[in-house]
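All remarks here apply to the structure that follows.
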Amino acid sequence: MEIGASVSSIDPAAAAASEDEAAAKREIESLLYEKRNTDGSLVGVAGSGPFRISEWEPGKHLALAANDDFSGGRPFVDAIEIDMGRSPRDRLVDLELGRVDLADVPAEDARQAASRGVRISASQPDQLIALVFLAGHPAAGDARLREAVSKSIDRGAIVNFILQKEGEPAGGLLPQWSSGTAFLFSTAADPARAKELRTQIGGSPEIRLGYDSGDALEESIADRIVVDARESGIVIATDASGSGAASSFSKDDARLVGLPMISPHPAVALANILGALSPLAGGDATAPPELDLPGQVYAAERAALDGFRVAPLVWVPRVYGLSDRVKDWQPPATGEALPLADVWLDASGTSAK
Amino acid sequence: MFTLALLVSVGVIVAGVTINARSAFDQLNGEHTDALVAQFQDEMGRRKTEAVDRVRGVADDQGTVSMALSLARPQADVSAYVGDAANVGKAHQLDFLDFIADDGSIISSQEWPARFGYKMTWVTQPQYWPSVGAFLTKLDTQDGPAIALLAVTPIRVGDKNLYVVGGERLGKEFLASLVLPEGMRALLYLNLDDSFQATDLMDNSGPVAQADPFTSTVNDERAQPSERTFTIPYSVEAGAAETFHALPLKGQDGQLLAVLLVGNSRHDLVVVERHIAVLGAAVAGGGLLLGLLLSWWAAARVTRPVTQLAAGAQRVSEGDLGSRVEVRGPAEMAQLARSFNRMTDQLNEQRERLVQAERVAAWRELARRLAHELKNPLFPLQTTVENLQRAKDHNPDQFEEVFRESTGILLSEIDNLKKIISRFSDFARMPQPELSAVNVNELARGTAKLFESQFSAVGRPPITSELHLDADLPAIQADSTLLRRALENLVLNAMDAMPGGGVLMLRSTPQDGGVHLEVSDTGTGLTPEECDRLFTPYYTTKQHGTGLGLAIVQSVVSDHGGRISVESEAGVGTSFHIFLPYKPPPRPADHAPSNGDGA
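Line by line, the protein sequences give chains A and B. Following my numbering, the numbering of the first sequence begins with 5 at its first residue and continues without gaps. Following my numbering, the numbering of the second sequence begins with 1170 at its first residue and continues without gaps.
Here you go:
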């Protein structure tokens, strides 16, 4: 298996340096622990899951061996070798050449990879990419300017062209398949309204938009936002920076963030997303104490978006490339571990990782 | 005048040469500018052709043709081609490449990948693109606006067009391809913004460091694009100035897109002008020096004979009648020199004749005086001897008595003759003054006192003496004995001149370098002729006298380095003026080496 992220620690208490590392770390943890609760917490100890660590080179290589004592039954595969930090191009090449059985694939590359014959599997769109106007930054202090930026963005073009149709435009903080109310949040661009708002504001404020310098998708989306905003008379300058500590983007007025759903349950997912947004967007994105009922979820979602501090952009699926040897593969459900314990490899195929 | 004429001439020549040099420099610069502009236009033409060829190459590419075919189908999915432009453009060495759909929307853009979906409607304007060729235009890119040399090639499939728009950036790389003559540079101002921006002015290495001086001219070009020439001084240093020729570069619609600025440094011209100025100054200085030398030479040529004449005249006035001057120079000066020499010759002859005449006169006077002086004692001698002869012959008895009387007379006359001979001998043996400090006033008082009894002697009219002696009269170095002798002589002469009595006045006053002593009487006076010969030895106006008294006085005064003169008016009186220096000048004999015998 090959992944793009470099996981430096598999300790659940250790913080990840990037969103990609955090996502990869979660998937590895799911293979090592017995179970993950709906709130994201892990059950059991490391090694009580379907696999245990047999070899560990932080950030580079991880070898897992099947756990014969796993309560859910021993996995079909004896071992899994995970190479980390591989570039998208290398992962695709290795897939095409049969050097690897499984690799994560950038969603924007899925269509092209599939056109070249790579077996592609995608999850539900459960990764939200949103534009967050950072609290305390004067350039993004005017709600009309934030609304104008949000209305100027052509989310459909982002999905169709940048994501190559692998994803969905996002209007709310939960996807339609999860909340069932996403259709109530408009995803259509409204450049006329954006221009009108821009005219009301006057002056020529410039917004500094930060994104993860290691994330090609975020860079493409940021560039597109610049173009859309420019058509509405709004000046946005992009700033490639790290995705970890807030100090790395302290000069930014707004930032692109990736927000994975940790659970298919709307309340759990929304609470988690709001918990991640709150430090960036401030009070508007604070989760309310009661989120049990669907109406409460929608109200909380609406409340978080009303101030235009957060502009949801697209829902992106997790995409995997598979070799033909992999059998009984099912796309991973939101919040659940990769189904590596349930797949088996066709021995007649070429040996691969 | 010569200098002024020289300076004016040099100034005119320098100005003329400078103007000609400047004109030649400007002409040369103009030719270089024209050549560089032509080179730029050739390069522009070549690159236009190249852009057309490359864009056509993209259009002919199999991938592009496939794209056109795919997009011509109903419900075509353009999103699959969103990243193609960047790859294809790079492969065809294009700075800009866009694939534009039939409706003008951008399918894929190399220079601004995120701009997909937006319209580039000017591409769809009905025109025959192959005939347009490449053209300059302003193009939006991800990094901001740029000036691009673009070409458009449409690919028609069915009733739909796929437009391939590509080209290269107009910028420093374009300038780098130009071959610049030394001292020239080419700048390019890209008219990208609403006002002059220093960063939009570049040379072949990037933005120009000193862009501000171009603000005015670029703004003029923006307002009214036209070819113009202007000079930027940069600083007070003239060599830093640069002359630019501005060539506006316009787009298809006549909009000003860029300005080519071809600059010529004026450093070489300034250097040439400085050389001319330095050379002019050197010529003027040399001419000035030459003029001064010539003037000095001409003046010396004129004044030297005059100076020589003046020096000769000075020598003549000092008594050197043998002085002669060199006969040379202009004809007039030579004539003057000859006249001067002739004059000195004549003066010499006259002096010689005068000396001889005076010498003859002196000898005659001496002979007359000697004859006179000797004749007086000789007559009694002759008479006495004749008496002795007669007494012996006729009165022998009285001979003894006559003999005694006659020998007494003979001895007396012989004694008289001895005295006469002694006086002449004394004059010939005037002693040299023995110097000591002498108070002239005391000398005058002593002399007056000596003759006081004679002034009031019984039987003759009285003579009154008056002394006007300056109390502050300094002492002089003199021989008091000789001076007293000279002064007594003058007083005796004065007494002789006043047989009827009168006033004898002695006056002393200090004079420049010595003292002045005046001895005056109120006697009968002298005629001018007598005054002229008064100091001639053996000349006298008296019945009895040797004529040596005043000659001795003059000799004494002369031996003291002084001078004596006489003023007289008949019937009024006579005044003798004596000037005596504080110290007599050394006599030649005083400095002569001693012969050792002390004689």
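C-beta atoms are modelled at their ideal positions from N, C-alpha and C, and glycine is treated no differently. This structure is a prediction, so every number in the text was calculated from the model and none was measured.
Proximity test, Cβ basis, 7 Å: residue i and chain A
i	result
Leu1308 (chain B)	no
Gly1286 (chain B)	yes
Ala1255 (chain B)	no
Ala1283 (chain B)	yes
Val1251 (chain B)	yes
Ser1771 (chain B)	There is simply no residue 1771 (chain B) to check, as chain B begins at 1170 and stops at 1768 in what is shown.
Ser1278 (chain B)	no
Ser1248 (chain B)	yes
Residue from the options whose Cα sits closest to the Cα of residue i
i	options	result
Ala1380 (chain B)	B:Ser1374, B:Asn1373 and B:Asp1369	B:Asp1369
Gly1455 (chain B)	B:Val1179, B:Pro1668 and B:Arg1225	B:Val1179
Asp105 (chain A)	A:Ser327, A:Glu38, A:Arg228 and A:Pro343	A:Ser327
Arg159 (chain A)	A:Ala19, A:Thr191 and A:Thr185	A:Thr191
Gly214 (chain A)	A:Glu222, A:Ser208 and A:Val323	A:Glu222
Asp108 (chain A)	A:Ile225, A:Asp257 and A:Ala28	A:Ala28
Ala351 (chain A)	A:Lys39, A:Phe80 and A:Gly63	A:Phe80
Pro1299 (chain B)	B:Pro1323, B:Ser1404, B:Leu1749 and B:Asn1256	B:Pro1323
Leu149 (chain A)	A:Ile205, A:Gln180 and A:Asp130	A:Ile205
Glu172 (chain A)	A:Ala134, A:Ala196 and A:Lys199	A:Ala134
Ser1744 (chain B)	B:Tyr1708, B:Glu1687 and B:Asn1662	B:Glu1687
Glu170 (chain A)	A:Pro16, A:Ala285, A:Ser267 and A:Pro129	A:Pro129
Glu200 (chain A)	A:Lys64, A:Gly237 and A:Asp43	A:Gly237
Ala1184 (chain B)	B:Ala1228, B:Ala1450 and B:Met1371	B:Ala1450
Sheet register partners of residue i (DSSP bridge)
i	result
Pro129 (chain A)	A:Pro321
Ile157 (chain A)	According to DSSP, Ile157 (chain A) bridges with nothing at all.
Thr1398 (chain B)	B:His1414
Gly1335 (chain B)	B:Leu1266 and B:Ala1320
Ala83 (chain A)	A:Ala69
Phe1745 (chain B)	B:Val1688 and B:Val1735
Trp348 (chain A)	A:Lys331
Pro316 (chain A)	A:Ala134
Ala1315 (chain B)	B:Leu1308
Ile211 (chain A)	A:Ile240
Leu1357 (chain B)	B:Met1371 and B:Leu1429
Val1326 (chain B)	B:Lys1329
Neighbour flag for residue i against chain B, beta carbons, 7 Å
i	result
Phe312 (chain A)	no
Val362 (chain A)	Coverage of chain A is limited to positions 5 through 357, which leaves residue 362 (chain A) absent and any answer about it impossible.
Ala161 (chain A)	yes
Ser355 (chain A)	Because the pLDDT at Ser355 (chain A) is just 47, under 50, the model does not fix this residue reliably, and the value given afterwards should be weighed accordingly. No, no contact with chain B.
Val318 (chain A)	no
Asp227 (chain A)	yes
Phe137 (chain A)	no
Asn164 (chain A)	yes
Val4 (chain A)	Nothing can be reported for residue 4 (chain A), as the shown portion of chain A is limited to 5 through 357.
Cβ-based neighbour list, residue i, same chain, cut-off 8 Å, excluding 5 preceding and 5 following
i	result
Val1147 (chain B)	Residue 1147 (chain B) falls outside the range modelled here, since chain B spans only 1170 to 1768, and no answer is possible.
Leu1516 (chain B)	Val1485 and Leu1490
Asp98 (chain A)	Glu6, Arg90, Val104 and Ala107
Close Cβ partners of residue i (< 7 Å) along its chain, the five nearest in sequence each way excluded
i	result
Val1387 (chain B)	Tyr1358, Phe1365 and Val1428
Asp296 (chain A)	Ala271
Near the ligand MN: residue i beta-carbon under 6 Å from a heavy atom
i	result
Thr1293 (chain B)	This structure simply doesn't include the ligand MN, nor any ligand for that matter.
Sequence-distant residues of its chain with Cβ nearer than 6 Å to residue i (five each side left out)
i	result
Arg1507 (chain B)	Val1496
Thr1553 (chain B)	Ser1575, Ile1578 and Leu1579
Tyr1773 (chain B)	Because chain B is modelled from 1170 through 1768, residue 1773 (chain B) falls outside the range shown and cannot be assessed.
Arg1205 (chain B)	Looking at the sequence provided, one finds Leu at residue 1205 (chain B) rather than Arg. So the list reads Val1431, once near-sequence residues are dropped.
> Considering only residues of the stretch 1257 to 1307 of chain B, which uninterrupted beta strand (DSSP E) runs meet the minimum length of 3 residues and lie entirely inside it, listed in chain order?
Replying inline: 1265 to 1269 and 1275 to 1278
>> Which complete alpha helix (DSSP H) runs does the stretch 1410 to 1465 of chain B hold, if anything under 4 residues is left out?
In response: none
>> My parser needs the beta strand (DSSP E) runs of 3 or more residues fully inside the stretch 11 to 79 of chain A; what are they?
In response: The qualifying runs are 55 to 61 and 65 to 70.
> In chain order, which continuous runs of the beta strand (DSSP E) of length 3 or greater are located wholly inside the stretch 1628 to 1681 of chain B?
Replying inline: Fully contained in the stretch 1628 to 1681 of chain B are the following beta strand (DSSP E) runs of length 3 or more, in chain order: 1632 to 1638, 1645 to 1647 and 1671 to 1680.
>> Quick check on the DSSP output: what are the complete alpha helix (DSSP H) runs of length 4 or more inside the stretch 144 to 197 of chain A, in order along the chain?
In response: 147 to 156 and 180 to 183
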